[in-house]
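According to my numbering, the residues represented by the sequence shown are 2 to 420, in order.
The C-beta atom is built at its ideal place from N, Cα and C for all residues, glycine as well.
All figures in this text were calculated on a predicted structure; none of them were measured in a lab.
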Amino acid sequence: GVLGAKLISLAVLAGASTWAAVAWCSAEASALFLLRYFAEGRIWRLHVSDGSGLIPTLVMHACIYLGMLAAPFPFLRFPGWCGPLPYSTSIVYNLAINPAMVYSGLYLGSSRVVADPQHVWVSLAIGSGVAVLGMVMMGGAMNATHRHTFYKPRSFCTLLDTLWEERELTIMKDGTMAAGLDPSRADLFSFTADYWVSIDKLRGWLANWDTWEADQPAWFTEKGLGFQNGVIHRTPAEALPRTVLFKILTNAKDSEGNTLRLAPDALTDLLVAKVQAYRKDTSARERARRFAKAVLAIRLYIVAILISYVDLAGDVLVTLTLLQSETSKQSGYVTMGLTGFAQVVQATISLAMGQGGVAAFTALIGAKPLLDTYNVLSDRPLTRGSKSDHEVAFIATRAEEIALQSLPQGFYQCLVLLQ
2 GVLGAKLISL
12 AVLAGASTWA
22 AVAWCSAEAS
32 ALFLLRYFAE
42 GRIWRLHVSD
52 GSGLIPTLVM
62 HACIYLGMLA
72 APFPFLRFPG
82 WCGPLPYSTS
92 IVYNLAINPA
102 MVYSGLYLGS
112 SRVVADPQHV
122 WVSLAIGSGV
132 AVLGMVMMGG
142 AMNATHRHTF
152 YKPRSFCTLL
162 DTLWEERELT
172 IMKDGTMAAG
182 LDPSRADLFS
192 FTADYWVSID
202 KLRGWLANWD
212 TWEADQPAWF
222 TEKGLGFQNG
232 VIHRTPAEAL
242 PRTVLFKILT
252 NAKDSEGNTL
262 RLAPDALTDL
272 LVAKVQAYRK
282 DTSARERARR
292 FAKAVLAIRL
302 YIVAILISYV
312 DLAGDVLVTL
322 TLLQSETSKQ
332 SGYVTMGLTG
342 FAQVVQATIS
352 LAMGQGGVAA
362 FTALIGAKPL
372 LDTYNVLSDR
382 PLTRGSKSDH
392 EVAFIATRAE
402 EIALQSLPQG
412 FYQCLVLLQ
């Protein structure tokens, strides 16, 4: 019902004006983002730490918006996703706004929307009625103690705080069950740090670090959980115990490259200040490294695109121009043959160098420079081989493009022009 009603409304509005539909949906998505932002206590990042960056957060929000738009699955009500209050508000809003969308579409595109308005309104009423009936049936059939989870405000921070104090049985990353508060709390470190419990609670619990290092519980050493890494890299320095502070500063270097030296009896406040400064400096260097890598990637991709398709497109245009001329048609076939020959030879060389079928296929379609550029820059190349193998392939492709395509084509096309 929700899907049918929304499809009718969007279809009518988009049929009248595509730009109006895009603007309408963009405004709704922005409003939902703000609603989620305030519902989560003014935190905009996605709660999943691996996707907490700006772009992943916006992409996931777009998915949440589309889900709420047409298929509001109950799991979206969970804090961190859409959230209970935004979930219920969005459903009521979407059902209420559908008539306005249909009216706007019929008003703006009376000449472009050919469907009978009466049929449109009846279909919308049926879809909305089915949606309301479905919600009533679901609400009546569910456990009464869970109904409030669909509308009562609750942020992800509040949920984590409750789990921190109460959860004593946790499914670990390897599928096993772990009993007790400690593994449960360690599991919570996998979420984005913005949602963690207060520094005082973290400090009080992490004070047991020396005991954990001595006992080596499974949750403390499990690599899949990444608890120690999360504590060392993402926990506020004010909450860290002295052992971890010294662990971070061991072999650490300042902004000038000098190794930090600290006395074993150094004050905790001094250690905290050193860790904060070290993290800030490390973060600045990492941003500079990523920026430099991004600039290099842009330069390499521009060159790759120019070699892959701009040069190839120029050869194709010359070929088409020559084929349209009665006196130069044979020259057009030669130009076409030179292009095809170059691609086939590149594919053969790729196979001979052990680069695999993917490299050979991209060579045939003229995308080998793009593939090589990606393999050189990426930590997960698309073809087999070491870093040096990909760099050799990158250089070889450039030489092949010049020797097999650019020089022969340039020479022959100049010869055709002179004739």
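Exercise for the section: Measuring alpha carbon to alpha carbon, tell me which of D201, K202, I200, R168 ends up nearest W188. Expected result: Checking the displayed sequence, the identity of residue 188 turns out to be Asp instead of Trp. Selected option, being the one with the closest Cα: R168.
- prompt: Is the beta carbon of L203 sitting closer than 8 Å to the one on A240?
  reply: yes
Restricting to runs no shorter than 4 residues, where is the alpha helix (DSSP H) found entirely within the stretch 92–156? 118–142
Alpha carbon of L383 to alpha carbon of K369, nearest angstrom:
If you draw a straight line from the Cα of L383 to the Cα of K369, it comes to about 12 Å.
Going by the beta-carbon positions, is the gap between S351 and A364 smaller than 8 Å? yes
* Sequence-distant residues of the same chain with beta carbon closer than 6 Å to V417, five excluded per side -> Correct list, in chain order: S332.
So, does the stretch 43–55 touch the stretch 85–92, judging by three or more C-beta pairs under 8 Å?
no
#### Entry: Sequence-distant residues of its chain with Cβ nearer than 6 Å to A238 (five each side left out)
V273, V276, Q277
How is F395 classed by DSSP in three states: helix, strand or coil? F395: helix per DSSP, three-state reduction.
Practice task
Would you mind working out which of G358, I303, W210, I366 sits nearest R243, comparing C-alpha positions?
Solution key: W210
Along the chain, where does the beta strand (DSSP E) that runs through I403 open and close? Element bounds for I403: n/a, residue is neither H nor E.
Collapsed DSSP secondary structure at F1 in the structure displayed = In the structure as shown, the chain begins at 2 and stops at 420. Residue 1 is therefore absent and cannot be evaluated.
**Report entry** S18 versus V359: straight-line alpha-carbon distance, rounded
**Finding:** Going from the Cα of S18 to the Cα of V359 covers about 43 Å.
Just list the alpha helix (DSSP H) runs in the stretch 271–323, keeping only unbroken ones of 4 residues or longer that don't cross its boundaries, in chain order.
none
Just curious, the alpha helix (DSSP H) that G170 is in, first and last residue? The amino acid occupying residue 170 in the given sequence is Leu; Gly does not appear at that position. It is not in any alpha helix (DSSP H) - L170 instead sits in the beta strand (DSSP E) that spans 170–172.
#### Entry: Short Cβ contact (8 Å threshold) for G68 with F74
Note that the C-beta distance between G68 and F74 is below 8 Å.
What residue range is occupied by the uninterrupted alpha helix (DSSP H) comprising A179?
Not the alpha helix (DSSP H): A179 falls in the beta strand (DSSP E), residues 178–180.
Query raised in the report: Can you tell me the Cα-Cα spacing of I303 and L70, whole angstroms?
Result: 38 Å
Original post:
Out of S105, V60, S284, F228, which has the shortest C-alpha to C-alpha gap to A15?
Top reply: S105
#### Entry: Backbone CA spacing between M143 and R288 [nearest angstrom]
The alpha-carbon atoms of M143 and R288 are separated by roughly 49 Å.
Practice item. Kindly indicate which three-state DSSP category V49 falls into: helix, strand or coil? Key: Three-state DSSP puts V49 in a strand.
**Message:** Among the candidates D183, A215, V377, whose CA atom is the shortest distance from the CA of A298?
**Reply:** V377
- Task: Check each candidate in A194, E223, A63, A394 and name the one with the smallest Cα separation from A353.
- Result: A394
Give me the residue from F192, S379, A97, L339 with the minimum Cα distance to E402.
L339
Below 8 Å between beta carbons: does that hold for G1 and G128?
Nothing in the structure corresponds to residue 1, since the chain is present only between 2 and 420.
Query raised in the report: Counting only runs that start and end within the stretch 313–376, where is the beta strand (DSSP E) found for 3 or more residues in a row?
Result: none
Q. Anyone know if the C-beta pair for S185 and L164 falls short of 8 Å?
A. Yes, the Cβ-Cβ distance between S185 and L164 is below 8 Å.
- Message: Do L321 and S329 have their beta-carbon atoms positioned less than 8 Å apart in this structure?
- Response: Not in contact: S329 and L321 (Cβ atoms no closer than 8 Å).
Q) Taking S124 as the reference, which of E29, V3, L263, F221 has the closest Cα? A) Considering only alpha carbons, the answer is V3.
Inset, instruction - Using the Cα positions of L8 and L170, report the straight-line distance between them to the nearest angstrom. - result: Taking the straight line joining both Cα atoms gives about 43 Å.
| How would you write the range of the alpha helix (DSSP H) that C64 sits in, first residue to last? | 55–71
Collapsed DSSP secondary structure at R381 in the structure displayed
DSSP places R381 in coil when its eight states are reduced to three.
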